[in-house]
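Working notes, beginning with the structure itself.
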Amino acid sequence: MSLDSLEKGDNFNTTGDFNFFIAYYVTNNDIVKGVIFCFLASLGFGSMHIPMLRHNKGNGALALFGLGVGVFLGSMLQSIIYRNTYLNIYPMFGGLLWTIANFCSFFVIDTYGIGVGMLLWNNGNCLTGWLTGYFGLFGVKKRRPNDFLTNILGILFIILSGIIFSCVKKVERKRGYDNKSSKNVSNKMISTTTDSNELSKNNIVRYITKFKKVLAIFVALICGFCYASTSTPIYYLLDNSKNLITPDIPNKSSTFIPSLGIGIFISTSLFFFCSVGFYGLNDVLGNKKIMISSICSGIIWLVSMCCMLYAIEKLSQTITYPIMSITPGLIAMLWSLFYFKEIRGLKNFIAIGVAVLIAVFGISLVVISKL
């Protein structure tokens, strides 16, 4: 079957004709390409923390620095491949927001686990990205879906799934900087009490655990806001290119990847050296094995970010962010269930199953709203 006969609407005669139609439809349909790149990005975002979780993060400074190095190396490779040497300070500010989000995410992961933790902060990511795209916040051009009602219903279902995911209880792992520090705090409290105060001691530990979970939800929302705002400076430049970018610079989001990588590297380096000054070099370099793992995680993140930026170009923020708010968390949830085994119990499995169904339904509505 030729392209002319396809455009005329001729019937399929062979399996080859059908395969040609599928290939033509996928390569020439922005929505299909956008959704495919969304799920490729989700696979990377949902898996990027896995190499690091095999090691103790200490206070998180070395792990964060390794992430920054990985992102920087990946962005320089992208710059060489595409011969892109343009730098701009706006995406560097996005790199600072990303650094803040990643540093805070370690606390959320240690509290709720990688699966639930990512699903929690991705709800904040979803709201921030959707509001930015729909209302044109922070100087970004409005990018509204074709069907508002279907879109907003999808958003509400995605948020509902996040609320259900927050009720899932994690099995404590022995490693992790925050678990270690919280255990030290608990041990100090226990050492200062007597056996007669056992009940009071348990109540204090229980109160600390509940407070930690509530605080982690609040921190997760901050992470979501910062993650979603990482790409906002890029789209601010694209939407105001006549005033901020010279005409010879390609008006594509990939143009600003080197600037974003440098911004992340500078920010993570500042966090690292400040941590060395505050905690001391020995405490920060407690586990050097995490450095290589963090660099790998940083490269995975950069590739995923490139996929997400391409998806936004094809779908807009009001479509991409709701999808990206839940699918990376679902990937991370699979790691959490089957690899780390952080989640057990029938109630948890039922809650996860219900939340996944609601999330998939919400994502479907969001995609339909673009049609």
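Read in order, the letters of the sequence shown are residues 33 to 403 in this note's numbering. Yeah, the Cβ is synthetic: ideal placement off N, Cα and C, and Gly gets one too. Since the structure is predicted, the reported quantities are computational estimates derived from the model, not experimental observations.
Would you mind giving the Cβ-Cβ distance between residue i and residue j, rounded to the nearest angstrom? I have them listed as a contact below 8 Å.
i: F180; j: K174; result: So it is not a contact: roughly 12 Å between Cβ atoms.
i: S286; j: L341; result: 7 Å
i: F69; j: A391; result: Not really, about 19 Å apart at Cβ, beyond 8 Å.
i: T131; j: I296; result: 6 Å
i: S79; j: I332; result: 7 Å
i: N154; j: I191; result: The Cβ separation is near 10 Å, so there is no contact.
Using only CA atoms, which one of the options lies nearest to residue i?
i: I141; options: I187, A364 and M337; result: A364
i: K372; options: A73, H87, I254 and L128; result: Looking at the sequence provided, one finds Phe at residue 372 rather than Lys. For the residues A73, H87, I254 and L128, the minimum Cα distance to F372 belongs to H87.
i: I196; options: Y239, N183, P177 and L151; result: L151
i: S299; options: V64, V103 and L85; result: V103
i: P290; options: V67, H81 and I121; result: I121
i: I400; options: G186, F370 and S329; result: G186
i: K201; options: G66, P279, G147 and V251; result: G147
i: M337; options: P279, F288, T241 and K244; result: F288
Looking only at its own chain, which residues have a Cβ that is under 6 Å from the Cβ of residue i, when we skip the five neighbours before and after it?
i: G149; result: V140 and I141
i: I137; result: According to the sequence displayed, residue 137 carries Ser and not Ile. These residues qualify, in order along the chain: C255.
Indicate the three-state DSSP secondary structure (helix, strand or coil) for residue i in the structure shown.
i: V200; result: coil
i: G385; result: helix
i: Y239; result: helix
i: D315; result: helix
i: S79; result: helix
i: G168; result: coil
i: E345; result: helix
i: F372; result: coil
i: S325; result: helix
i: L94; result: helix
i: D179; result: coil
i: P290; result: helix
i: T264; result: helix
i: L119; result: coil
Near residue i, which residues of its chain fall below 7 Å by C-beta distance, leaving aside the five closest residues on each side in sequence?
i: A93; result: F303, F304, S307 and V316
i: V335; result: G76 and G106
i: G330; result: G98, L99, G100, V101, G102, V103 and G106
Excluding sequence positions up to five away, which residues of its chain have a Cβ less than 8 Å from the Cβ of residue i?
i: Y165; result: Going by the sequence as given, residue 165 is Gly instead of Tyr. Once the five neighbours on either side are set aside, the close Cβ partners of G165 are V172, K174, R175, R176, S348, Q349, T350 and Y353.
i: G126; result: S261, T262, S263, T264, P265, I266, L292 and G295
i: I322; result: M84, H87, N88, K89, G90, L94, A95 and G98
i: L163; result: L169
Inset, instruction - Inspect the CB distances between the segment 308 to 315 and the segment 109 to 116 and report whether three or more fall short of 8 Å. - result: no
Inset, instruction - Give a yes or no on contact between the segment 113 to 130 and the segment 180 to 192, applying the rule of three or more CB pairs nearer than 8 Å. - result: no
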